[in-house]
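Undergrad:
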Amino acid sequence: MKKERENFPLEPKEMIEFIFKRLMCGNGFIVRDNQIQLSKKIFDGIKNNNILICEAGVGTGKTYAYLVASIVYSLYKTGEKKSVSIISTSSIELQNAIIKNYVPVLSKILVDNKIIDKPLSAVLRKGKEHYLCILRFKRIMNYLKSSDKDIDKELLNKLIGLKIGEISIDLDEYKGLKNHIVQKINVPKGCNYSCPFYENCRYIELMKYVKSSTHDFQVCNHNYYISDAIKRYKGKTSLMPEHSLVIIDEAHKLMDAAIQIFEKRFSYEDVLIIVNVLKSKMKGNKAYLTVQKGYLDDLSLEAKKFYQGLLNQLKNIELEEDSSQIRIKLGAYERKILGNIILKLDKISLYCKADIEKNRQLELMIENLREVIEIFHGSVNIIYWLENPQSERLISICSIPTDMEKQLYKVLWKNRVPKILTSGTLSDDRGFNYFKSTSGIDMGYSNKLSEVSYSSPYDYKNNTLLYISENIPYPDKQSEEYISAIADEILRLIDASSGHAVVLFTAYSLLSKVYELTKTKTKYPLLKMDKSEKNIVDAYKRSKNGVLFATGSFWEGVDCPGDILSLLIIVNLPFPTPTPIYEHKKMQYAELKEFIEHIVFPEMLIKLKQGMGRLIRCETDTGVISILDYRVSLKGKYRKRVLQALNEYRVTDSLDDVRRFFRKVKREEYFL
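For the sequence shown, the tail end lands on 672 under the UniProt record's numbering, and the numbers increase by one without skipping.
(1) Is the Cβ-Cβ distance between residue 679 and Asp170 less than 8 Å?
(2) From what residue to what residue does the alpha helix (DSSP H) around Tyr66 run?
(3) Would you give the residue range spanned by the alpha helix (DSSP H) that Lys406 belongs to?
(4) In three-state terms, what does DSSP make of residue 675?
(5) Taking DSSP as the reference, what is the three-state secondary structure of Asn200?
(6) Go through its chain and collect everything with a Cβ distance to Glu17's Cβ below 7 Å, but skip five positions before and after it.
(7) Using a 10 Å radius around the Cβ and a threshold of 16 neighbouring Cβ atoms, would you call Lys62 buried or exposed?
(8) My assumption, with CB atoms under 8 Å, is that Pro418 sits in contact with Asn50. Please give the rounded CB distance.
(9) Give the DSSP bridge partners of Pro401, in chain order.
(10) Mapping the DSSP letters down to three states, classify Ala550 as helix, strand or coil.
(11) On the CB-based measure, 16 or more other CB atoms within 10 Å of its CB, does His500 come out buried or exposed?
(12) Could you tell me the distance, in whole angstroms, from the CA atom of Lys41 to the CA atom of Glu263?
(13) If you count every other CB in all the chains shown that lies within 10 Å of the CB of Phe671, and 16 or more means buried, which is it?
(14) Give the range of the alpha helix (DSSP H) segment to which Ala229 is assigned.
(15) Using a C-beta cutoff of 8 Å, does Gln218 count as contacting chain B?
(16) Contact check, Gly57 vs Tyr454 under 8 Å by CB: the rounded distance?
(17) Kindly indicate which three-state DSSP category Lys607 falls into: helix, strand or coil?
(18) Below 8 Å on the Cβ atoms is my contact criterion, and I expect Thr551 with Leu504 to pass it. Report the Cβ-Cβ distance as a whole number of Å.
(19) How big is the Cα-Cα spacing for Lys436 and Lys344?
(20) Helix, strand or coil: which one does DSSP assign to Ile250?
(21) Between the beta-carbon of Ala69 and the beta-carbon of Asp216, is there less than 8 Å?
(22) For Ala303, which residues of its own chain have a beta-carbon under 6 Å away from its beta-carbon, when the five flanking residues on both sides are left out?
(23) Could you name each continuous alpha helix (DSSP H) segment of 4 residues or more that falls completely within the stretch 6-47, going from the start of the chain to the end?
(24) Report the start-end ranges of each alpha helix (DSSP H) in the stretch 88-114 that is 4 residues or longer and not cut off at the edges.
(25) Could you give the DSSP three-state label for Gly176: helix, strand or coil?
(26) Hey, Tyr467 and Val665 are a contact pair by Cβ (cut 8 Å); roughly how many whole angstroms apart?
(27) Excluding the 5 residues preceding and the 5 following Pro525 in the sequence, name in chain order all residues of the same chain whose CB lies nearer than 8 Å to its CB.
(28) Is Phe306 near Ile328, with beta carbons less than 8 Å apart?
(29) Would you list the one or two residues that DSSP bridges to Asn186?
(30) Is Leu364 near Gly190, with beta carbons less than 8 Å apart?
(31) In chain order, what are the residue ranges of uninterrupted alpha helix (DSSP H) at least 4 long that sit wholly in the stretch 607-669?
(32) CB Asp256 to CB Leu465, shorter than 8 Å?
(33) Starting from Glu451, trace the alpha helix (DSSP H) both ways and give me its first and last residue.
(34) Could you tell me whether the Cβ atoms of Leu75 and Gln95 are closer together than 8 Å?
(35) Quick one: give me the first and last residue of the beta strand (DSSP E) that Val571 is part of.
(36) For the alpha helix (DSSP H) holding Tyr295, just list the boundary residues, first then last.
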């Protein structure tokens with residue numbers, strides 16, 4: 001980016017105002033004062049080399065705010081070295097929007113007005129598993145062409161029809177490509193210089209292009225950014241180029257990504273796969289094969305003993321039907337077996353060296369398994385748990401460091417690159433303390449940490465109503481009285497709203513029970529969330545006035561502007577599900593009350609605000625939010641704190657008020 005001085009305001013903040021008020025307004029954008037002020041605050045954060053936490057409500061325009069701030073900083077900074085900014089987000093939808101919409105639109109405005117002399121460039125960064133490996137693709141195509149099986153012929157025709165690799169090697173662009181097929185043709189983890197296609201590899205060429213510092217913005221997800229930061233911290237080859245700024249959008253999802261990255265796991269199935277692959281490749285004289293088979297059988301036996309020992313810990317624990325995570329401890333017996341497994345893996349690696357070196361994928365599997373088991377064997381500051389304890393083959397042991405906050409501080413926050421963290425929901429009713437403590441940000445230099453918060457410009461007082469039911473008993477998902485009361489209240493509400501509703505649950509079991517009680521008692525289309533989230537959302541939008549029962553990612557993943565979503569029913573306050581990580585945190589507090597105060601309640605409030613944010617997605621949206629949880633009713637112990645965090649809403653407990661509100665804000669055709 002280059003500037004002609006005579007065409008520019010003298011001060012950077014004047015330039016920010018000029019871009020928003022003169023250029024963007026002149027191109028049809030609605031620009032608000034809060035957006036300009038936010039952009040200026042972000043500019044200050046970058047200039048002062050700060051970590052800036054920005055909470056910006058829906059409609060503030062935070063994406064353009066941080067893009068303009070970063071561009072203006074680049075324009076006015078001294079030195080010839082090009083500024084590269086990383087933008088990390090949680091969702092692929094936002095990543096695509098930044099690359100295909102926000103950056104090109106802003107770039108054109110700035111180029112047309114001679115603010116910059118060439119277009120801005122933004123590239124999407126993601127893992128190699130998303131890209132096509134030409135070598136693997138050719139191999140599978142050759143196999144399919146030589147096969148007489150109908151299923152192979154069908155797959156061959158599909159791959160030819162999709163024209164894979166002809167235009168793009170990004171496998172995400174080929175709709176309808178099943179995941180098990182992607183796994184057979186994508187770039188493998190072991191991709192390296194020894195590949196015969198390396199010199200002419202399109203993936204390698206693409207990586208050289210996207211990693212170039214000629215691009216202004218490197219856009220990625222949180223997992224990719226954290227992985228890059230870890231590599232830098234360890235002195236390994238980085239995934240992204242040197243950069244002068246990191247922008248973390250959708251920052252409320254950063255900790256979820258961090259847990260995924262720092263979590264280590266291995267399963268009994270992992271061991272069996274290695275054993276079975278090596279057994280299938282066994283060749284040689286009888287004596288050699290006998291020894292090799294013995295080593296492999298010993299490895300299987302040790303792995304089975306290890307998991308059997310862990311399962312013995314659960315004998316006196318009554319597991320619920322849907323128990324998926326059970327905290328366990330590794331004692332001397334389990335650690336001894338892990339040591340034996342490491343020895344067996346080393347023997348196999350030496351004895352089967354020739355077979356392993358021919359299969360890079362297998363080699364990596366053994367290396368990764370050994371690395372994870374070594375961590376389990378030698379580390380002490382670790383939380384351990386079992387996943388899928390009811391399934392012998394699928395059972396996994398998982399771990400995560402007890403000092404996650406410290407790890408994140410060292411990896412993400414300690415370096416001196418300015419960072420902007422933004423989201424619509426980072427605070428609870430008492431500010432940003434919970435977010436800062438769980439992310440490790442508050443372990444650093446407080447003089448380099450700043451905060452700013454801007455509420456949504458939308459008119460919640462007039463466009464929304466918060467209905468808190470007084471008809472629901474204390475939550476008890478086993479109580480028929482409670483389940484029946486929930487079902488009856490939902491039916492009354494969707495009758496008042498003429499459908500157009502999403503009902504958010506915190507547990508699928510309760511969702512199913514309530515759905516069964518209501519599905520034949522309303523004239524509006526009733527849809528129940530299943531495994532295919534996208535399909536159910538599309539069906540809901542097509543229904544015009546349907547009612548969607550949802551849970552899980554729907555708390556922040558549904559975006560339905562307009563009248564289709566006009567009633568949002570929150571069945572329970574979304575308190576975090578007990579997990580081994582929460583069990584550990586709970587043990588750090590002397591009293592349960594303190595744990596709830598500092599961990600449980602703040603997280604619930606942040607998730608509640610995320611869920612409520614599904615209703616109003618644009619300035620003209622109107623609707624009702626209903627909470628069916630006794631704990632926020634007039635006698636509920638959490639009412640005061642919850643309403644303190646939701647002070648922009650008008651509150652009622654009258655269904656007549658709900659009916660009057662819909663009659664007031666909706667057009668006649670809404671009710672047809």
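Heads up, the beta-carbon is just placed ideally off N, CA and C, and yes, glycines get one too.
None of these values were measured; they are calculated from a predicted model.
TA: Working from what's here:
(1) An answer regarding residue 679 cannot be provided, because it is not within the stretch 1 to 672 covered by the chain.
(2) 62-76
(3) 404-408
(4) No answer is possible for residue 675: the residues shown for the chain start at 1 and end at 672.
(5) helix
(6) Ile36
(7) buried
(8) 6 Å
(9) Ile382
(10) strand
(11) buried
(12) 35 Å
(13) exposed
(14) 222-233
(15) Given the protein chain composition of this structure (a single chain), no chain B is represented.
(16) 6 Å
(17) helix
(18) 7 Å
(19) 44 Å
(20) Residue identity differs from the one stated: residue 250 is Glu in this sequence, not Ile. Note: Glu250 maps to coil in three-state DSSP.
(21) no
(22) Tyr268, Val271
(23) 12-17, 33-47
(24) 92-97, 103-112
(25) coil
(26) About 14 Å; that fails the 8 Å criterion.
(27) Gly499, Ser543, Asn545, Gly546, Val547
(28) no
(29) Leu132
(30) yes
(31) 639-645, 655-665
(32) no
(33) No alpha helix (DSSP H) holds Glu451; the beta strand (DSSP E) holding it covers 449-454.
(34) no
(35) Segment: none, Val571 is in no beta strand (DSSP E) and carries neither H nor E.
(36) 286-312
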